[in-house]
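K.L.:
My questions will all concern the structure given below.
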Amino acid sequence: MSGQLKEIKTRIKSVESTQQITKAMKLVSASKLRRAQDRIIKMRPYALKLNEILANIAEAAEGDVSIEYAVQRPAEKILVVILTSDRGLCGGFNNNAGKLVTQMLEEKYSKQYAAGNVSVMYIGKKGYEIFKKNKEINHVRDYVNAFGDLSFDNVSAIAEHVMNAFVKKEYDRVEVVYHRFKNQIIQIPAVEQFLPIQKLEAEGVDQKDENKVKADFEFEPNKEELIAELAPKILKTQFYRYLLENNASEHGARMTAMDNATENAEELIKDLKIKFNRARQAAITTQIVEIVSGAAALQGD
Numbered sequence: 005m006s007g008q009l010k011e012i013k014t015r016i017k018s019v020e021s022t023q024q025i026t027k028a029m030k031l032v033s034a035s036k037l038r039r040a041q042d043r044i045i046k047m048r049p050y051a052l053k054l055n056e057i058l059a060n061i062a063e064a065a066e067g068d069v070s071i072e073y074a075v076q077r078p079a080e081k082i083l084v085v086i087l088t089s090d091r092g093l094c095g096g097f098n099n100n101a102g103k104l105v106t107q108m109l110e111e112k113y114s115k116q117y118a119a120g121n122v123s124v125m126y127i128g129k130k131g132y133e134i135f136k137k138n139k140e141i142n143h144v145r146d147y148v149n150a151f152g153d154l155s156f157d158n159v160s161a162i163a164e165h166v167m168n169a170f171v172k173k174e175y176d177r178v179e180v181v182y183h184r185f186k187n188q189i190i191q192i193p194a195v196e197q198f199l200p201i202q203k204l205e206a207e208g209v210d211q212k213d214e215n216k217v218k219a220d221f222e223f224e225p226n227k228e229e230l231i232a233e234l235a236p237k238i239l240k241t242q243f244y245r246y247l248l249e250n251n252a253s254e255h256g257a258r259m260t261a262m263d264n265a266t267e268n269a270e271e272l273i274k275d276l277k278i279k280f281n282r283a284r285q286a287a288i289t290t291q292i293v294e295i296v297s298g299a300a301a302l303q304g305d
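Residue numbers (my numbering): 5 to 305.
Put into structure tokens, the structure is as follows:
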């Protein structure tokens with residue numbers, strides 16, 4: 005019985021130690037989340053509006069100016085950019101992104117996948133860990149550590165690499181898989197087409213609507229120069245938003261996971277203490293019975 009009590013006591017100490025770690029990780033994630041959330045909340049309206057302007061310009065300029073990032077080609081060579089975290093302990097955050105990519109490979113791009121024409125770029129170490137055994141994928145690991153430096157300049161360099169590869173026809177379509185941040189509890193796995201630039205009709209706008217007013221832009225100094233300067237900057241801003249969304253989502257998911265782990269540890273500690281008290285009471289009762297039995301035996305003698 006003493007051995008059982010010792011074992012339960014050791015388990016209680018172990019769980020309490022784990023609980024302290026999860027509490028600390030929750031506080032760290034909460035602190036990082038506040039900063040990450042502030043960045044994406046300020047950035048998102050700006051990036052989305054710029055993206056809308058770019059789609060509008062691409063539609064308005066069609067037939068007049070060729071935008072190299074809006075060229076529609078048969079989708080034969082695909083690049084999927086998957087954004088995950090560098091570390092675990094964030095619930096199903098990384099697996100959800102992995103499932104989304106797997107679904108794309110098996111359904112949307114099954115022909116390209118079977119032909120070996122799908123490349124996956126990993127931003128975040130966990131994404132590569134999910135797919136590293138898949139020999140049918142062309143793995144792009146050049147920017148797996150990008151979350152170590154989330155500056156605009158660093159992210160712009162990644163976006164520029166992807167954009168140049170598209171222009172050189174290394175890829176015909178670029179899709180980004182990331183988590184859209186809603187709040188600290190809800191992070192939504194999402195897929196967005198990065199290249200080619202989607203025009204408004206590709207986003208569900210009915211071009212046959214007679215009441216629809218087509219955007220009319222006046223370009224200064226001239227259309228060609230302005231689009232050549234504007235399009236890359238807007239695309240880089242959009243790519244930067246993907247990483248900020250995913251970064252905030254990661255910290256939210258980890259904070260939630262650590263909060264749940266802390267609560268589970270508390271419940272486990274309560275159960276173990278009840279079990280310990282019952283075992284101790286049983287041990288005391290056994291000792292009392294032994295003493296009474298011994299005394300009765302002596303009296304009988």
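Idealized CB from N, CA, C, for every residue including glycine.
1) If you follow the beta strand (DSSP E) that Q197 is part of, which residue opens it and which one closes it?
2) Under 8 Å between the Cβ atoms of Y117 and R145?
3) Measuring straight from C-alpha to C-alpha, what distance separates Q191 and A257?
4) Can you name, in chain order, every residue of its own chain whose Cβ lies under 6 Å from the Cβ of G96, other than the five neighbours on each side?
5) What's the C-alpha gap between Y147 and I162?
6) Check the DSSP bridge columns for I82 and list the partner residues they point to.
7) Less than 8 Å between the CB atoms is what I'm expecting for L87 and A74, so what's the real figure, rounded?
8) In or out: Q76 buried (at least 16 other Cβ within 10 Å) or exposed?
9) Can you check which of these residues, L239, S123, K112, is closest to V84 by C-alpha distance?
10) Which residue's Cα is closest to the Cα of K240: I16, M167, K103?
11) What did DSSP end up calling R91 once you bin it into helix, strand or coil?
12) Ordered along the chain, which non-local residues of its own chain (more than five positions away) have a Cβ less than 7 Å from that of T22?
13) On the premise that N55 lies in contact with E80, defined as a C-beta separation below 8 Å, what is that separation, rounded to the nearest angstrom?
14) What residues match up with I127 in a beta bridge as DSSP calls it?
15) Do E20 and Y273 count as a contact pair if the criterion is CB distance below 8 Å?
16) Following the continuous alpha helix (DSSP H) through N158, name the residue where it begins and the one where it ends.
17) Measure the CB-CB distance between K30 and D263 and report whether it falls below 8 Å.
18) Buried or exposed for I292, please, with buried defined as at least 16 other CB atoms from any protein chain shown within 10 angstroms of its CB.
19) So V105 is in the alpha helix (DSSP H); what residue range does that whole segment cover?
20) For the beta strand (DSSP E) that V144 lies in, which residues bound it at each end?
21) So does the region 47-54 actually touch the region 270-290, counting three or more Cβ pairs closer than 8 Å?
22) How is Y50 classed by DSSP in three states: helix, strand or coil?
23) Alpha carbon to alpha carbon, how far is A287 from A28? Give it in angstroms, no decimals.
24) Give the DSSP-derived three-state secondary structure of R77 in the structure shown.
25) If you drop the 5 nearest sequence neighbours on each side, which residues of the same chain put their C-beta closer than 7 Å to that of R245?
26) Helix, strand or coil for Y182 per DSSP?
27) Would you say D176 and I82 are within 8 Å of each other, going by their C-beta atoms?
28) Measure the beta-carbon distance from V181 to V159 and round it to whole angstroms, keeping in mind my assumption that it falls under 8 Å.
29) Go ahead and pull the three-state DSSP assignment for V19.
30) Using the Cβ count rule (16 or more neighbours within 10 Å means buried), how would you classify P78?
P.N.:
In this structure, then:
1) 191-199
2) no
3) 7 Å
4) none
5) 7 Å
6) V122, R177
7) The pair is not a contact, with the Cβ atoms about 23 Å apart (cut-off 8 Å).
8) exposed
9) S123
10) M167
11) coil
12) A269
13) Not a contact, Cβ separation roughly 25 Å.
14) L87
15) Rather than Tyr, the amino acid found at residue 273 in this sequence is Ile. In contact: I273 and E20 (Cβ atoms closer than 8 Å).
16) 156-171
17) yes
18) exposed
19) 97-107
20) 142-144
21) no
22) helix
23) 37 Å
24) coil
25) M47, R48, A51
26) strand
27) yes
28) The pair is not a contact, with the Cβ atoms about 16 Å apart (cut-off 8 Å).
29) helix
30) exposed
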